[in-house]
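Remarks on the structure that follows.
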Amino acid sequence: MPDGHENKPKSFLGQAKSEELFAKEAYALKNQLEFFAVTASVFLASKDSGHEPYTPATLEEKMPDD
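Start counting the sequence shown at 4; every next residue gets the next number (the working numbering).
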């Protein structure tokens, strides 16, 4: 990616924060790297996670693929 982790993960993080998709204290909202790591692990592992969004179904509900 031309701008590395400054691309889509950062814009998705901004969307998640501005639309209050997750609790304000959610670990995924810490920074763009953690947002990418948490959401990618939930998506790729397809199982419950210890961090919000917890499950792929919740991730899909809150951040559908537009």
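Note that the Cβ used here is the ideal one computed from N, Cα and C, for glycine as well.
Cβ-Cβ distances below 7 Å link E23 to nothing in the same chain once the five nearest sequence neighbours on each side are left out. Look at S14 here: in three-state DSSP terms it is helix.
At least 8 Å separates the beta-carbon of L32 from that of A48. Residues of the same chain with their beta carbon placed closer than 8 Å to that of G53 are lacking, with the five preceding and five following residues left out of the count. Straight through space, the alpha carbons of A43 and E37 are spaced by roughly 10 Å.
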